[in-house]
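Chains as they are written, first to last, in our numbering: chain A, 118 to 378; chain B, 20 to 146.
Encoded structure:
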């Protein structure tokens, strides 16, 4: 009898505890904000430009003076808050180099002086098969459906695998805080912080509002930007009419930036 | 119980010590005062209701950044049907133009340090 009663009390006690679990758990769990937010609350801007495969054609013969490069580079760097850091820790989205460095696998003897002395505008090639995206451990860099290789700064951990993978040197690491090196801060665009990798994004923030990239706009027609999948687009017309080359195609990354020589 | 005369007072002292912050605050007063935030004078309502924003602004901001950067969705339709461009710098901070008075006040009081402003630029002036 005594034993029975003891057992009963034990079970009753446990049951009472069990009843208390649910309210205690409810206190601990956070209400789901997503359930409170309206469904399908997000959509792209109707003004935005759309494409299957964004690409760029650069007419290198039109970049005949250093000022023309300067204008394009400043248009990009000033608006995207790209710092001007001297030396090896430089950060660049757009920059220039000579023929040999731009097309090292295109080794030709006796190339015309005008080509040999020419500078070439360099930027992220937004490859169809981007090596940087394959190696990124956090998916901070990823390829969008429209072909743009995008950076998500919120996720970059600064491991620099992408810099090792990119055959074009298109990526820059912020070894220190970049803000002291900004001459001017564009209040409408973020800066970066110490320890993240950055590069050209084909001005996704402008495309989303229906505008062309800054460099294309500032180039006065020397840089064409458009849909490589659309046979009627400006870029495809330029590719049809001119002989173009791309950088380091033998590596298989398939760049989306074409150079008219 | 063996050594009950030591163990039980010991337990009481132990419990007293680990609950010190709770009863200290009850005894000493200093009740938690909600930070008074300056609200934009020319606006009646934020993108959602104030209570919702107070509790969930971090979830919204977290979702916003993914939607913009990863999905390219830049327009937010609020539950009242109003549409907003998704942007911390260009939408939120256009009304809440004083980061020190608006963001920092609560964050400091509650010892949270979000790292939004290591990259995003806070509005200049008005400080």
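Glycine residues also receive a C-beta, built at the ideal position from the N, C-alpha and C atoms.
Owing to the predicted nature of the structure, the values given are computational and were not obtained by experimental measurement.
Cβ atoms of residue 210 of chain A and residue 194 of chain A come within 8 Å of each other, at about 6 Å. Taking a 10 Å sphere around the C-beta of residue 20 of chain B, we find fewer than 16 other C-beta atoms and assign the residue as exposed. With its beta carbon less than 9 Å from one in chain B, residue 271 of chain A belongs to the interface. The alpha-carbon of residue 236 of chain A is positioned some 9 Å away from that of residue 182 of chain A.
Under DSSP, the beta-bridge partners assigned to residue 289 of chain A are A:315. Ranked by Cα distance from residue 124 of chain B, the options B:45, B:56 and B:31 are led by B:56.
Rounded to the nearest angstrom, the Cβ distance from residue 274 of chain A to residue 255 of chain A is 6 Å, consistent with a contact under 8 Å. DSSP places residue 344 of chain A inside the beta strand (DSSP E), whose first and last residues are 340 to 344. At a cut-off of 9 Å, the C-beta of residue 117 of chain B has no neighbouring C-beta in chain A.
Annotation note: the stretch 232 to 296 of chain A contains the following uninterrupted beta strand (DSSP E) runs of length 3 or greater, listed N- to C-terminal: 236 to 239, 258 to 260 and 266 to 268. A straight line joining the alpha-carbon of residue 85 of chain B with that of residue 163 of chain A spans about 19 Å. The residues 288, 290 and 314, in chain order, have a CB closer than 7 Å to that of residue 280 of chain A in the same chain once the five nearest residues on each side in sequence are set aside. Boundaries of the beta strand (DSSP E) harbouring residue 212 of chain A: 212 to 215, taken from the DSSP string. With contacts defined by Cβ atoms closer than 9 Å, residue 372 of chain A and residue 224 of chain A do not form a contacting pair.
Of all residues in the stretch 43 to 70 of chain B, none places a beta-carbon less than 7 Å from a beta-carbon of chain A.
By the neighbour-count definition (other C-beta atoms within 10 Å, threshold 16), residue 364 of chain A is a buried residue.
For the pair residue 263 of chain A and residue 167 of chain A, the CB atoms are nearer than the 9 Å cut-off. Note that the C-beta distance between residue 189 of chain A and residue 199 of chain A is not below 9 Å. Shown here for residue 362 of chain A: same chain residues with a beta carbon closer than 8 Å to its own, the five before and five after excluded, namely 220, 223, 375, 376 and 378 in chain order. In the DSSP annotation of this structure, the continuous segment of the alpha helix (DSSP H) that includes residue 77 of chain B starts and ends at 69 to 85. Its chain contains 206 as the residues whose beta carbon lies nearer than 6 Å to that of residue 292 of chain A, once the 5 sequence neighbours on both sides are disregarded; these appear in chain order.
Check the Cα spacing between residue 107 of chain B and each of B:31, B:92 and B:141: the tightest is with B:141. Residue 312 of chain A and residue 319 of chain A have their C-alpha atoms some 22 Å from each other. A straight line joining the alpha-carbon of residue 278 of chain A with that of residue 186 of chain A spans about 29 Å. In the assembly as shown, residue 238 of chain A is a buried residue. Its beta-carbon has 16 or more other beta-carbons within 10 Å. Remark: three or more beta-carbon pairs, one from each stretch, lie closer than 8 Å, so the stretch 63 to 71 of chain B and the stretch 97 to 105 of chain B are flagged as touching. Using beta-carbon distances, residue 73 of chain B does not count as an interface residue toward chain A, since no partner is under 9 Å. Residue 50 of chain B and residue 326 of chain A have their C-alpha atoms spaced approximately 48 Å apart. A Cβ-Cβ separation of about 4 Å places residue 241 of chain A in contact with residue 317 of chain A under the 8 Å criterion. Taking a 10 Å sphere around the C-beta of residue 176 of chain A, we find 16 or more other C-beta atoms and assign the residue as buried.
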